[in-house]
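Oh and the sequence shown: position 140 is 121 in the working numbering, straight run, nothing missing. Beneath this line is the structure, given in structure tokens, with notes to follow.
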Amino acid sequence: MKLTRKLVLAKAKASDLDSVKKLNCWGCKLTDISIFSQIPNIEVLTLSVNSIASLSPLAGCLSLCELYLRRNLIPSLAELSHLRPLTRLRVLWLAENPCCGTDPRHYRLTVLRSLPRLQKLDNQAQNQPSTNGQTDVETENDSLNYSMEETNKIREQLGMKLLPRDKFPSLSSPSTRETRPLARKTHTLEAVLLLLKDLDEEELHIVHTATQNKLRTYTFSCETLSHTLLTERTTNMEH
């Protein structure tokens, strides 16, 4: 899917491309972002969860300070050459791309050598130790904090109230493994609520119908279970 001028202006709530400074295109199935050659003043850009393979359209975005590219199709770290002219870039999230490879230390060193002005890469400050040698729980906590920060970044761009830390119990709980399902549900709900903002009336009706059908199924299952338990209890009492 190509990111168009119309879509950019709608999402940024702007009247012209020159005035666009913050843009959230999370999960829009984008493959073509050539429009950024016409958006020179962009400062904060969220492009996570798309199908972007080339960063060349971003080479002229000299005001860019924060760039979120998690879960795309960037094939090689050679694409970072397009970001070298961006002297103001301080935050980059590139995790979960093919270019990250299987050696996190090599990946991190290569990125920081290519972009020495970065202060944070994948939610890890440049002066923080690598995750090599950390326990599984520590690594999982870091990735969940990553989700919390990106979720709040998106909510801020949408004018929504930021979620407090206690909404992400897996970050403060001593047992990450016990709270991981709850955290996953929280992030899923956040994603659904964010996507609702981009749906038109027809699409909202489709979601509404699907939700009603799901609720009917859930209600029917609960009623069936209650009836079964009541029947079993009555039978036991008779005996």
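Quick reminder that beta carbons are idealized off the backbone N, C-alpha and C, glycines included. Since we're looking at a predicted model, the values are computed, not measured.
Residue environment, residue i, which counts as buried when at least 16 other CB atoms sit within 10 Å
i, result
"lysine -8", "buried"
"arginine -14", "exposed"
"isoleucine 14", "buried"
"valine 231", "Nothing in the structure corresponds to residue 231, since the chain is present only between -18 and 220."
Rounded straight-line distance, which links the Cα of residue j to that of residue i
i, j, result
"serine 32", "tyrosine 49", "13 angstroms"
"methionine -18", "leucine -12", "11 angstroms"
"serine 18", "serine 37", "9 angstroms"
"aspartate -1", "isoleucine 20", "6 angstroms"
"alanine 34", "alanine -5", "27 angstroms"
"proline 226", "histidine 87", "The first residue shown for the chain is -18 and the last is 220, placing residue 226 beyond what the model contains."
"threonine 198", "leucine 73", "43 angstroms"
"leucine 196", "threonine 190", "10 angstroms"
Among the options, the one whose alpha carbon lies nearest that of residue i
i, options, result
"glycine 82", "Arg51, Trp74, Pro56 and Leu36", "Pro56"
"arginine 69", "Pro97, Glu60 and Tyr88", "Pro97"
"leucine 26", "Lys3, Leu61 and Ala106", "Lys3"
"alanine 76", "Ser62, Leu196 and Val92", "Val92"
"arginine 94", "Leu61, Trp74 and Val72", "Leu61"
"arginine 71", "Leu185, Pro85 and Asn104", "Asn104"
Beta carbon proximity, residue i to chain B, threshold 8 angstroms
i, result
"serine 18", "This model lacks chain B altogether; it includes just one protein chain."
Cβ distance (whole Å) where residue i is taken to contact residue j below 8 angstroms
i, j, result
"leucine 11", "leucine 28", "7 angstroms"
"valine 30", "arginine 52", "5 angstroms"
Same chain, Cβ closer than 8 angstroms to residue i, neighbours up to 5 away in sequence not counted
i, result
"aspartate -3", "Leu(-10)"
"alanine 106", "Gln100"
Residues of its chain near residue i, where Cβ-Cβ distance is below 6 angstroms and the 5 sequence neighbours each way are ignored
i, result
"glutamate 24", "Lys2, Ser44 and Cys46"
"leucine 58", "Cys80 and Thr91"
"glycine 8", "Val30"
Sequence-distant residues of the same chain with beta carbon closer than 7 angstroms to residue i, five excluded per side
i, result
"alanine 40", "His63 and Pro66"
"cysteine 42", "Phe17, Ile20, Pro21, Ile23 and Leu67"
"leucine -16", "Cys6, Leu11, Asp13, Ile14 and Ile16"
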